[in-house]
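To start, the structure under review is shown below, and the notes come after it.
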Amino acid sequence: MVQPKVLVLRTAGTNCDAETVFAFESVGATAERVHVNALLNGEKHLRDYQILALPGGFSYGDDIISGRILANELRLRLGDQLKKFISDGKLIIGICNGFQILVRAGILPGGSMQEDGMPADFKQTVTLTHNDSGKFEDRWIHLKPSGSSVWTKGMDEVIYLPVAHGEGKFLPMDDVTLRNLVDNGQVIFRYCTEKGGKPVYPQNPNNAVDHIAGISDQTGRILGLMPHPERHFLSIQHPSWTRVGSKEKYGDGAKIFENGVEYVIKNLISLGGRGGGSLPPAVYEDGRVRSDRTRAKNMAKGLTYKDSGVDIDQANRFVDGIGALVKSTMVKGALTRKGSFGGLFELGKYKNPVLVSSTDGVGTKLLLAIGSGKHDTVGIDLVAMNVNDILCVGAKPLFFLDYIACGKVKPDVLHEVIKGVTEGCRQSGCALIGGETAEMPGLYGPDEYDLAGFTVGVVEKKDMLDGSKIKSGDVMIGLASSGIHSNGYSLARKVFTAAEQKDHMKELLTPTRIYVKPVLAVLKKFKIRGIAHVTGGAFYEKLTKILPKGKCFEVQRGSWPIPQIFQTIQKKGGIADAEMFRTFNMGIGMVLVAPAKDVKKVGALLKKEGVENFVIGKVIKAAEKIRFV
Numbered sequence: 113m114v115q116p117k118v119l120v121l122r123t124a125g126t127n128c129d130a131e132t133v134f135a136f137e138s139v140g141a142t143a144e145r146v147h148v149n150a151l152l153n154g155e156k157h158l159r160d161y162q163i164l165a166l167p168g169g170f171s172y173g174d175d176i177i178s179g180r181i182l183a184n185e186l187r188l189r190l191g192d193q194l195k196k197f198i199s200d201g202k203l204i205i206g207i208c209n210g211f212q213i214l215v216r217a218g219i220l221p222g223g224s225m226q227e228d229g230m231p232a233d234f235k236q237t238v239t240l241t242h243n244d245s246g247k248f249e250d251r252w253i254h255l256k257p258s259g260s261s262v263w264t265k266g267m268d269e270v271i272y273l274p275v276a277h278g279e280g281k282f283l284p285m286d287d288v289t290l291r292n293l294v295d296n297g298q299v300i301f302r303y304c305t306e307k308g309g310k311p312v313y314p315q316n317p318n319n320a321v322d323h324i325a326g327i328s329d330q331t332g333r334i335l336g337l338m339p340h341p342e343r344h345f346l347s348i349q350h351p352s353w354t355r356v357g358s359k360e361k362y363g364d365g366a367k368i369f370e371n372g373v374e375y376v377i378k379n380l381i382s383l384g385g386r387g388g389g390s391l392p393p394a395v396y397e398d399g400r401v402r403s404d405r406t407r408a409k410n411m412a413k414g415l416t417y418k419d420s421g422v423d424i425d426q427a428n429r430f431v432d433g434i435g436a437l438v439k440s441t442m443v444k445g446a447l448t449r450k451g452s453f454g455g456l457f458e459l460g461k462y463k464n465p466v467l468v469s470s471t472d473g474v475g476t477k478l479l480l481a482i483g484s485g486k487h488d489t490v491g492i493d494l495v496a497m498n499v500n501d502i503l504c505v506g507a508k509p510l511f512f513l514d515y516i517a518c519g520k521v522k523p524d525v526l527h528e529v530i531k532g533v534t535e536g537c538r539q540s541g542c543a544l545i546g547g548e549t550a551e552m553p554g555l556y557g558p559d560e561y562d563l564a565g566f567t568v569g570v571v572e573k574k575d576m577l578d579g580s581k582i583k584s585g586d587v588m589i590g591l592a593s594s595g596i597h598s599n600g601y602s603l604a605r606k607v608f609t610a611a612e613q614k615d616h617m618k619e620l621l622t623p624t625r626i627y628v629k630p631v632l633a634v635l636k637k638f639k640i641r642g643i644a645h646v647t648g649g650a651f652y653e654k655l656t657k658i659l660p661k662g663k664c665f666e667v668q669r670g671s672w673p674i675p676q677i678f679q680t681i682q683k684k685g686g687i688a689d690a691e692m693f694r695t696f697n698m699g700i701g702m703v704l705v706a707p708a709k710d711v712k713k714v715g716a717l718l719k720k721e722g723v724e725n726f727v728i729g730k731v732i733k734a735a736e737k738i739r740f741v
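Residue numbers for the sequence shown follow this note's numbering, beginning at 113 and rising by one.
Below you can see the structure in the form of structure tokens.
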């Protein structure tokens, strides 16, 4: 079997690299100590490894805040390599000084993904600062595992590890950051008493906020911790090993290294070098294709399902490989039950809740994704088309389910699709709690697939929006689209030749903007009277459906910049204005109808939330539903 390859990064001052190499090689990996200069000079490349380990020590002597120099080198000079390494589903672990480096580089706790599937620019939101004791803490402590990480699978009991640091106090940027870490299951280790209780000094040796000793990114693949698992890899490293008399060969830290290597073998090497999940999560035991291996063995002779073109084991490997991506979407209320045939979600406390649902697909935009070989954005489209719809009722998305139909399960392709789905879920704050993958040769070609999505959200009945309160004089606030979104592609494909489609592929595959978080922020502060998602039917059908009888949208031409892609389509196809505004969003993906007195404040808040917006018209009394002036 091919052994997982581990790059143990060292610089002047690191002093735990040998122990880290020993730990990884003892559980079946090939580990190599690589100086950072070898990466900077191009002598070594991260793409050749599946695990990056940042060991403890005093990188560059820790002259300027522990880990800051190496963190800057990683972020500024190796950022592209790191982003690709992370987006390929590979693993990173940072121990003590390595943890400090990860947080100061912004790799932990991590953020959202860009439209190209790469992690967003690294941004520091937490830090590790001087111990409250004002001295170097060199002692053994107890840790309670929590959260969910590839590295800590199966670890649920208190463990005993040493610490050795002068700057290990975990400190988040603010209370919101801390709450998000806890809610997302990113707090992986907390200091505790021997029996798992709340600690005091020196049980919490640095007075870390919320007793946090280790965190992960949202996928669970990147782990940082202050204690040293490599220093209790063998049981004889226990400070009282002669009295404890353990019969086990390995100590409490060994399981961390074992989990990392096992993950790579099952999810990266077995999937042909690409993957991105943890071991099979309970949340996806609900409906994706699973095999009956016993029956397969009993059918050793004669025709099999695989002979007909359906490879169940391949489908299983795909499902097993997306676990961490799915896990990264978990929000409060999402439940996991092993063996469940359905996705589970606990509604929580609402006075008079109304559930709002939507189902949709991506349409012929998929043909461009399939033809170009770029599959990591259409999943965002899938989520966007659904969550933006229920947002128009004022609903907060709770959970999402996906359906993938294909001619042949190709894990590398479908992994990219699911990567987009999970990114869409993270952007909209909903959990991916289930899905289905159907392999249907004969109905689809071997390279073809189709997508469908389904979402459910909730809104208090008194806060529901239906447009009935829209009044004359109300103002239309148009929220900028990211481009064509997911409507009108049949016409766009008819206008452009194959070569022209290739030239415009970046614009054509730009994913649909998800408006959930900024619009929910607006709804908390202002009385919005109506919301329309500008999709198929665009201005003439989708926009006008929220108007009460006798009211008309008077749209002011030239009140917003129409993106170049629409102008190109119209000019090349000789398409009339009315047809363009009936087919495409023309640069406005969503419209909010607000009282005139609130318009400036609403616009300012949207801008603060990162959404460019324009006053594009007003509501008047008229027999027709829409009028362009």
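We treat Cβ as the ideally placed atom computed from N, Cα and C, and that holds for glycine.
Taking 8 angstroms as the upper bound for CB-CB distance, residue 304 and residue 323 are in contact here, some 7 angstroms apart. One Cα belongs to residue 148, the other to residue 626, and the distance between them is close to 39 angstroms. Scanning the segment 687 to 734 for uninterrupted beta strand (DSSP E) segments of 3 residues or longer gives 700 to 706 and 725 to 733, listed from N- to C-terminal end. Boundaries for residue 253: no alpha helix (DSSP H) harbours it, while the beta strand (DSSP E) harbouring it runs 249 to 257, taken from the DSSP string. For residue 204, same chain residues with a beta-carbon under 8 angstroms away, outside a window of 5 residues either side, are 163, 164, 165, 166, 197, 198, 214, 219, 333, 334 and 335 in chain order. Out of 682, 506, 545 and 688, the CA that lies nearest to the CA of residue 573 is found in 506.
In terms of Cα proximity to residue 685, the closest of 642, 140, 651 and 600 is 600. In this model, residue 593 and residue 677 are separated by some 12 angstroms (Cα to Cα). Nearest to residue 181 by C-alpha distance, out of 193, 212, 710 and 200, is 212. Under the DSSP assignment, residue 354 falls in the alpha helix (DSSP H) whose first and last residues are 353 to 356. Rounded to whole angstroms, the separation of the alpha carbons of residue 529 and residue 551 is 15 angstroms. Annotation: residue 195 to residue 708 spans about 44 angstroms, alpha carbon to alpha carbon.
Rounded to whole angstroms, the gap between the alpha carbons of residue 622 and residue 443 is 26 angstroms. Of 544, 509 and 714, the smallest CA-CA separation from residue 628 is found for 509. Straight-line spacing of the CA atoms in residue 141 and residue 466 works out to 52 angstroms.
Cα atoms of residue 691 and residue 647: separation of roughly 14 angstroms, rounded to the nearest angstrom. Straight across, the Cα-Cα distance linking residue 216 with residue 582 is about 49 angstroms. Within its own chain, the residues whose Cβ lies closer than 8 angstroms to the Cβ of residue 587, once the five positions on either side in sequence are excluded, are 705, 706, 707, 708, 711, 727, 729, 730 and 731, listed in chain order. Residue 514 and residue 673 have their alpha carbons spaced roughly 34 angstroms apart. Residue nearest to residue 624 within the set 697, 577 and 579 is 697 (criterion: CA-CA distance). If one requires a minimum length of 3 residues, the beta strand (DSSP E) runs lying completely within the segment 451 to 483 are 465 to 473, in chain order. With a cut-off of 8 angstroms on Cβ pairs, the segment 312 to 326 is not in contact with the segment 463 to 480, counting fewer than three such pairs. Nearest C-alpha to residue 714 among 262, 688 and 641: 641.
By the CB criterion at 9 angstroms, residue 210 and residue 249 fall outside the cutoff. Residue state for residue 369 is assigned as helix, using DSSP reduced to three classes. Put simply, the backbone Cα of residue 539 is about 13 angstroms away from that of residue 503. Secondary structure of residue 279 (DSSP, three-state): coil. DSSP, read as helix, strand or coil, puts residue 321 in helix.
Residue burial annotation: residue 590 is buried, with at least 16 other C-beta atoms found within 10 angstroms of its C-beta. Residues of the same chain with a CB within less than 8 angstroms of the CB of residue 114, apart from the 5 flanking positions on each side, are 381 in chain order.
Nearest to residue 584 by alpha-carbon distance, out of 681, 659, 252 and 208, is 659. Counting C-beta pairs closer than 8 angstroms gives three or more between the segment 512 to 526 and the segment 558 to 565, which meets the contact rule. Note on geometry: alpha-carbon atoms of residue 687 and residue 616 lie some 18 angstroms from one another. Residues of the same chain with a CB within less than 7 angstroms of the CB of residue 576, apart from the 5 flanking positions on each side, are 466, 505 and 506 in chain order. Counting C-beta atoms within 10 angstroms of its own C-beta, residue 160 has fewer than 16 neighbours from the protein chains shown and is therefore classed as exposed. Note that the C-beta distance between residue 124 and residue 342 is not below 9 angstroms.
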